[in-house]
Amino acid sequence: MSIFLGTGMAEPRTLVKHLMASAQPNLQDLEVIQLVSLGDAVAIDERYSKKYRLKTFFSGWIASEAIQEGRVDLIPSRFSRIPWLFRTGAINIDVAFIQISPPDETGYCSLGLGMAVERQAMESAKVVVGEINDAAPHTLGDTLVHIDEFDHLIEATEPIFYVPRWPLDEVYLKIAEHVATIVEDGSCISFAIGPLYEALGQQLVSKRHLGIQSPFFTDALMDLVKSGAVTNRRKGVFRGKSAASYILGTRELVDWLDRNPLIEFQPIDVVMNPKVIGRNDRVMAILPARKVDLTGNVTLHMGKGNFTAGPGAVQELFMGAALSKNGRTVFALPSRNRQGEANIVISVESMPYQFSNRESLDVVVTEYGVAYLMGRTLRQRAQALIDIAHPDDRAGLVQQAKDAKMIYADQIYFADSGHLYPEKVSCAHTFKDGLSVRFRAIKPSDEDEMRRLFYRFSDQAVYYRYFSPIKAMPHRKMQEYVTVDYRRIMSVVGVIEETGTERIVAEGRYVRSHDRPYADTAFIVDEAYQGKGMASFLFELLIKIAKEEGVEGFTADVLSVNKAMLRVYEKSGFPIKAVLSAGAYELTMPFQDTDQESEKEEGD
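Residue numbers for the sequence shown follow our numbering, so the first one is 1 and each next one is one higher.
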């Protein structure tokens, strides 16, 4: 006989415990089917193994160990396909144990804490048993069932299985901060529980008009709705409401969801259907990963490290994001695990729990930054991922990548650059016409994008910057330009997001002199973005950085015909000494708090 159990917090615990404790001779050799198991139904004790065997669709949480030990069977499947398996009889259900809320005056109950596949299980089962739990919320959506739909009813004596909030983690807070930079207003998000989502919930409160379509509704999502960041107004389906299939969280969350009209509970074949997901714009499939290799292949968390999604659910979220206009797929992870081992590696080929779908992966995030992978070559991917690896792992990865012919054999790498990378200079600014630009220190992986910036310049712009008609910027020259030590040379780039990847539109840098406490400066701005004040912003940012590093002033060589750049220096508010020589001004600008007017001297 096969018995279906409600899933997760919707598990009918009174019925399950009675099943485990009963000595009835007919309760032997049972198949127990459950979508996600939180604990009671997993036969941890060997004495239950002859009574029943659990079949589950989810290999995370504590089921992972039981699956590996052969005590629990895993059914690989996409979540959205499970109701079809029940409906067609591909998976037989004789009895369904379902947790429900108390009936109202008309005899209707709510499926309460979860209705992902419960309704289809009820329709497929020969016998349906309802467990009425007074603490179960009356949730809204496709959740109503009439008391007459049950063959038997019992009252729950066991409490609901609440899931505590995950403690905040400093590393994940930094990861979430980086993830938040690529989540646009109006994005549609999906959460589970764990340190990534707990941190991400805090980092997204400043966003506007977020939407939610998620298999699980959690405390972090409740906080986002309460903050006003979530309105669901820009969703293509269930507009104005958050869509979910299960509740996963605390008593506070359960109480808040009781008769809450803002949350719409729907079956899993609706919520996790890629075609339905894809009807929402800007779907962000944000998932934790265990390991990522330099090509973009990943391994997933299993065991208690995973209460997010198995490979099937990840596939559905990725497909939904691919069908969504401006959708994006993101894996996020710490650069190292708790044992101090690298999480960004040369290859995951020999590792378990692989999700080899690098063609669909757009972005990888660690506490050290964001690696954009969409549309990039394997060489570019490797370089971008090395730049967000743990600083102590980067030199080894560079050498391994060279040996594997993944990056240039002559690739330059400064061993200390990872530790010296000035994360504190990162910021964002909105310019004229609402243009939003992020500024950060340059990275070696910016080589190709900086070359593209160079080739977009007119001959005049190249001459203004380099004082000569340079026609080419090969790898050899550009990699020397973008590989800096952040001490003697500081370079900051201005970046906009364009079609899911980064585009560098400006760069400013200073190079410290060996013989005096001054630094020489230079700036370039994409001609399509000039006149918005970007060079002036970069100049002010470099002044701030330079002062903190003990630089006492700037120098620069500017062609006399480059009026726009001369104005950038003149507007600084600092005294400027300008000497004209051979058609170019040699500018000297000490960082002095003075209102003296700039002086100009003409030389031979």
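Just so it is clear, CB atoms sit at the ideal spot from N, CA and C, and this is done for glycine as well.
Note down, in chain order, each residue of its chain lying with its Cβ closer than 7 Å to the Cβ of residue i, except the 5 sequence neighbours on either side.
| i | result |
| --- | --- |
| SER245 | GLY114, MET115, ALA116, PRO215, PHE265, GLN266, PRO267, ILE268 and VAL271 |
| ALA415 | ALA395 |
| LYS51 | LEU27, GLN28 and LEU30 |
| ALA404 | ILE346 |
Could you check which residue in the options has the C-alpha nearest to that of residue i?
| i | options | result |
| --- | --- | --- |
| ASP281 | HIS209, ASP520, MET490 and PRO261 | HIS209 |
| VAL525 | ILE263, ARG509 and THR499 | ARG509 |
| SER513 | GLU497, LYS207, ALA528 and ALA546 | ALA546 |
| SER190 | SER77, GLY327, ARG440 and LYS544 | GLY327 |
| GLU123 | ARG440, PHE537 and ASP94 | ASP94 |
| ILE388 | ASP362, GLY418 and ARG379 | GLY418 |
| ILE3 | ARG53, GLY296, ALA23 and THR295 | ARG53 |
| GLY369 | SER77, LEU173, THR588 and THR106 | LEU173 |
| GLN592 | PRO575, ILE160, GLY533 and ILE154 | PRO575 |
| GLY312 | SER347, ARG338, LYS17 and ASN273 | ASN273 |
| ASN337 | ALA322, THR366 and LYS325 | THR366 |
| GLN34 | PRO12, PRO25 and MET20 | PRO12 |
| ASP639 | GLU155, GLU118 and GLY186 | Since the displayed the chain opens at 1 and closes at 604, residue 639 lies outside it and no answer follows. |
| ASP446 | PRO469, ILE470 and LEU373 | LEU373 |
| SER572 | VAL364, MET589, ALA584 and TYR408 | MET589 |
| ASN133 | VAL127, ILE98 and GLY107 | ILE98 |
Using the rule of at least 16 other Cβ atoms within 10 Å of the residue's Cβ for burial, across every protein chain shown, is residue i buried or exposed?
| i | result |
| --- | --- |
| ALA332 | buried |
| LYS207 | buried |
| THR499 | exposed |
| LEU5 | buried |
| THR430 | exposed |
| GLY201 | buried |
| PRO167 | exposed |
| ASN26 | exposed |
| GLN24 | exposed |
| VAL16 | buried |
| THR339 | The amino acid at residue 339 is misidentified as Thr; the sequence shows Gln. Exposed is the call here. |
| ILE475 | The identity of residue 475 in the sequence shown is His, whereas the question assumes Ile. Classification for HIS475: exposed. |
Excluding the five sequence neighbours on either side, which residues of its own chain have a C-beta within less than 8 Å of the C-beta of residue i, listed in chain order?
| i | result |
| --- | --- |
| ALA535 | ALA506, GLY508, PHE523, VAL525, ALA564, MET565 and VAL568 |
| LEU620 | With the chain running from 1 to 604 in the structure shown, residue 620 is simply not present. |
| VAL551 | TYR510, ARG512, PRO517, TYR518, ALA519 and PHE591 |
| VAL492 | VAL425, PHE439, ARG440, ALA441, ILE442, GLU507, GLY508, ARG509, LEU538, LEU541, LEU542 and ILE545 |
| GLU527 | ARG456, PHE457, SER458 and ALA461 |
The beta strand (DSSP E) with residue i in it runs from where to where?
| i | result |
| --- | --- |
| GLU184 | That residue, GLU184, is in no beta strand (DSSP E); it is neither H nor E in DSSP. |
| MET284 | 283–288 |
| ASP73 | 72–74 |
| PRO311 | Unbroken run through PRO311 is the alpha helix (DSSP H), 311–323; no beta strand (DSSP E). |
| ILE412 | Careful: ILE412 lies outside any beta strand (DSSP E) and carries neither H nor E. |
| GLN99 | 95–100 |
| ASP520 | 518–525 |
| GLY375 | Where GLY375 is concerned, there is no enclosing beta strand (DSSP E), given that its DSSP letter is neither H nor E. |
| ALA556 | 553–559 |
| PHE216 | 211–218 |
How is the alpha helix (DSSP H) around residue i delimited, first residue to last?
| i | result |
| --- | --- |
| THR88 | 82–88 |
| GLY396 | 391–403 |
| ARG438 | From DSSP, ARG438 is part of no alpha helix (DSSP H) but of the beta strand (DSSP E) over 436–441. |
| PRO274 | 274–277 |
| GLU123 | 118–124 |
| ARG452 | 447–456 |
What is the DSSP secondary structure of residue i, counted as helix, strand or coil?
| i | result |
| --- | --- |
| ASP485 | coil |
| ASP293 | strand |
| TYR172 | helix |
| THR14 | helix |
| TYR464 | helix |
| TYR108 | strand |
| GLN202 | helix |
| ALA582 | coil |
| GLN68 | helix |
| MET490 | strand |
| VAL225 | helix |
| SER2 | strand |
| LYS571 | coil |
| HIS138 | coil |
| GLY8 | helix |
| PHE431 | coil |
| GLU540 | helix |
Taking 6 Å as the limit between beta carbons, can you name the residues of its chain near residue i, skipping five residues before and five after?
| i | result |
| --- | --- |
| ALA243 | GLN213, GLU264, GLN266 and VAL271 |
| LEU420 | TYR486 |
| ALA289 | VAL298, PHE331 and LEU333 |
| MET473 | ARG451 and PHE454 |
| PHE539 | VAL568 |
| ARG233 | HIS209 |
I'd like to know if residue i contacts chain C, where contact means its C-beta is closer than 8 Å to some C-beta of that chain.
| i | result |
| --- | --- |
| VAL171 | No chain C appears in this structure, which consists of one protein chain only. |
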